[in-house]
Amino acid sequence: MSEQAQPDDEGPVVTYEVRGPVAVVSLNRPRYSNAQNSKMTYALDAAFVRAVNDDAVKVIVLAGNGKHFCGGHDIGTPGRDIHESFQRKAVIWWDHTDKQGVDSRFARESEVYLGMCRRWRELPKPVIAMVQGACIAGGLMLAWSCDFIVASDDAFFSDPVVRMGIPGVEYFAHPWVMNPRAAKEFLYTGGRFTAQRAHELGMVNHVVPRAELERTVFEMAERIAVMPRLGLALTKKAVNQAEDLMGLRTGMDSVFGLHHAAHAHNAEVDVDSLAGLDARAMADAGKPTAGGV
Ligand code: ZN
Numbered sequence: 005m006s007e008q009a010q011p012d013d014e015g016p017v018v019t020y021e022v023r024g025p026v027a028v029v030s031l032n033r034p035r036y037s038n039a040q041n042s043k044m045t046y047a048l049d050a051a052f053v054r055a056v057n058d059d060a061v062k063v064i065v066l067a068g069n070g071k072h073f074c075g076g077h078d079i080g081t082p083g084r085d086i087h088e089s090f091q092r093k094a095v096i097w098w099d100h101t102d103k104q105g106v107d108s109r110f111a112r113e114s115e116v117y118l119g120m121c122r123r124w125r126e127l128p129k130p131v132i133a134m135v136q137g138a139c140i141a142g143g144l145m146l147a148w149s150c151d152f153i154v155a156s157d158d159a160f161f162s163d164p165v166v167r168m169g170i171p172g173v174e175y176f177a178h179p180w181v182m183n184p185r186a187a188k189e190f191l192y193t194g195g196r197f198t199a200q201r202a203h204e205l206g207m208v209n210h211v212v213p214r215a216e217l218e219r220t221v222f223e224m225a226e227r228i229a230v231m232p233r234l235g236l237a238l239t240k241k242a243v244n245q246a247e248d249l250m251g252l253r254t255g256m257d258s259v260f261g262l263h264h265a266a267h268a269h270n271a272e273v274d275v276d277s278l279a280g281l282d283a284r285a286m287a288d289a290g291k292p293t294a295g296g297v
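Remember, this note's numbering sits 4 above the position in the sequence shown when you count from 1.
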């Protein structure tokens with residue numbers, strides 16, 4: 005398609021806006037279903053830091069501009085930047101760009117995928133994910149690192165990366181954000197869970213008509229915003245600690261090793277660490293997805 009030959013000239017990949025006590029951080033690559041490249045990761049991080057440092061901001065909303073919240077990590081747009089070097093923020097590790105194999109992949113994914121999502125989960129202010137349309141693979145990681153999700157009735161969720169031979173995305177929260185049997189179905193089939201199904205499983209807090217999504221989220225944010233800042237921060241930490249005591253953090257660490265065993269296996273026996281599947285191949289195999297692992 006013609007986009008492949010064009011530079012990534014879409015403007016800022018993340019937009020930032022403050023509405024009263026609420027900061028709205030929005031993914032802004034709607035042309036590519038908000039596929040996440042590293043540039044977007046670091047722009048997101050900068051926006052979150054800005055919101056945390058602004059005392060007037062009490063609540064953060066994470067949104068996606070356009071039809072879809074997020075189609076996944078960027079595995080095929082002209083703005084894919086996996087070989088670029090960035091100032092690391094999430095972990096203390098070496099740069100991946102001059103390394104090879106696991107040495108490179110583990111460094112990069114520890115930073116821009118697992119490390120960043122963990123860092124954002126620990127933001128000391130409430131974060132609400134406002135999800136419409138697709139929320140696929142890497143998109144799940146963003147939504148799951150938020151405190152809760154409000155979805156429109158056209159939203160759908162999927163993690164199709166088992167098709168690449170990989171046991172789910174790097175931020176492996178699946179068995180905690182839904183029950184383990186549902187997580188297996190979600191991963192084994194790679195299919196879509198509707199917003200309603202996700203709500204029934206406890207992964208999504210509220211499902212509302214598309215036209216009411218923004219109003220619903222902002223009403224919730226305004227209600228939360230009257231609470232004391234420190235109370236909210238400590239409460240968030242309390243629940244996150246409880247979730248970690250239920251195994252989230254250690255479980256995620258152990259699966260990160262399996263994830264990298266799968267990448268390495270693919271690189272060893274196939275054409276690349278993604279088993280040769282780019283965004284187009286993933287979309288063709290399991291309509292629809294704009295992103296992947
Ligand atoms: Zn990976």
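Note that the Cβ used here is the ideal one computed from N, Cα and C, for glycine as well.
Subject >> Own chain partners of I228 with C-beta closer than 6 Å, once the 5 adjacent residues on each side are dropped >> reply: Take I228, set aside five residues on each side of it, and the residues of its chain with a beta-carbon closer than 6 Å to its own are V63 and P130, in chain order.
**OP:** Taking only the alpha-carbon atoms, compute the straight-line gap between F152 and M134 and give it to the nearest angstrom.
**Re:** Taking the straight line joining both Cα atoms gives about 9 Å.
Original post:
Straight-line CA distance for L205 to R109?
Top reply: Approximately 33 Å between the Cα atoms of the pair.
Original post:
Span of the alpha helix (DSSP H) holding E226?
Top reply: Counted as a single uninterrupted DSSP element, the alpha helix (DSSP H) harbouring E226 occupies residues L217 to A229.
Subject >> Near the ligand ZN: E113 beta-carbon under 8 Å from a heavy atom >> reply: For the ligand ZN, at least one heavy atom lies less than 8 Å from the Cβ of E113.
**OP:** Starting from the Cα of V106, find the closest Cα among A279, A266 and G280 and give me that residue.
**Re:** Selected option, being the one with the closest Cα: A266.
Subject >> C-alpha distance - E14 paired with G83, whole-angstrom precision >> reply: Answer to the nearest angstrom: the Cα atoms are 10 Å apart.
**OP:** Given a cut-off of 9 Å, decide if P171 and G255 are closer than it, judged by their beta-carbon atoms.
**Re:** No; because the gap between Cβ atoms is not below 9 Å, this pair is not in contact.
Original post:
In its own chain, which residues sit with a C-beta less than 7 Å from the C-beta of W98, not counting the 5 before and 5 after it?
Top reply: Excluding positions up to five away in sequence, the list reads A111.
Subject >> Check: I170 C-beta below 8 Å from any heavy atom of the ligand ZN >> reply: Yes, the beta carbon of I170 sits closer than 8 Å to at least one heavy atom of the ligand ZN.
Original post:
Which residues share a DSSP beta bridge with C121?
Top reply: In the DSSP secondary-structure assignment, C121 is not bridged to any residue.
Original post:
If you count every other CB in all the chains shown that lies within 10 Å of the CB of D163, and 16 or more means buried, which is it?
Top reply: Here D163 is buried, its C-beta having at least 16 other C-beta atoms within 10 Å.
Original post:
Taking the beta strand (DSSP E) that F190 falls in, what are its first and last residues?
Top reply: For F190, there is no enclosing beta strand (DSSP E); the residue is part of the alpha helix (DSSP H) that begins and ends at P184 to T193.
**OP:** Specify, as a first and last residue, the run of the alpha helix (DSSP H) that E204 falls within.
**Re:** Run containing E204: A199 to E204, per the alpha helix (DSSP H) assignment.
Original post:
Roughly how many angstroms lie between the CA atoms of T293 and L144, to the nearest whole one?
Top reply: Only weak support is given to the placement of T293: the predicted model assigns it a pLDDT of 45, under 50, and the question is left unresolved by the model.
Original post:
Buried or exposed: where does D78 fall if 16 or more other Cβ atoms within 10 Å of its Cβ makes it buried?
Top reply: The residue in question, D78, is buried, as its Cβ has 16 or more Cβ neighbours within 10 Å.
Original post:
Which residues mark the beginning and the end of the alpha helix (DSSP H) in which L66 is found?
Top reply: Element bounds for L66: not the alpha helix (DSSP H) but the beta strand (DSSP E), V63 to G68.
Original post:
How many Å lie between P128 and K241 at the Cα?
Top reply: Roughly 8 Å between the two C-alpha positions.
Original post:
Of all the options A147, K43 and A55, which has the alpha carbon lying nearest to the alpha carbon of R23?
Top reply: Sorting A147, K43 and A55 by C-alpha distance to the C-alpha of R23 places A55 at the top.
Original post:
Start and end of the beta strand (DSSP E) containing V165?
Top reply: No beta strand (DSSP E) contains V165, which DSSP labels as neither H nor E.
**OP:** Give the C-beta separation of L262 and R167 to the nearest angstrom, bearing in mind that I take them to be a contact with Cβ-Cβ under 8 Å.
**Re:** The distance from the Cβ of L262 to that of R167 is about 16 Å, inconsistent with a contact at the 8 Å cut-off.
Original post:
Using DSSP with H/G/I as helix, E/B as strand and the rest coil, what is A177?
Top reply: Looking at A177 - three-state DSSP - the assignment turns out to be coil, as it is neither helix nor strand.
**OP:** Figure out for me which residue from A215, A285, A141 and T198 has the closest Cα to the Cα of Y117.
**Re:** The shortest Cα separation from Y117 among A215, A285, A141 and T198 belongs to A141.
**OP:** Spatial neighbours of A94 within its chain, please: CB distance less than 6 Å, with the 5 preceding and 5 following residues excluded, ordered by chain position.
**Re:** Residues of the same chain with a CB within less than 6 Å of the CB of A94, apart from the 5 flanking positions on each side, are E115, G119, M120 and R123 in chain order.
Original post:
Can you tell which of S42, D248, F52 and N32 has its C-alpha closest to the C-alpha of K71?
Top reply: Checking every option, the nearest Cα to that of K71 belongs to N32.
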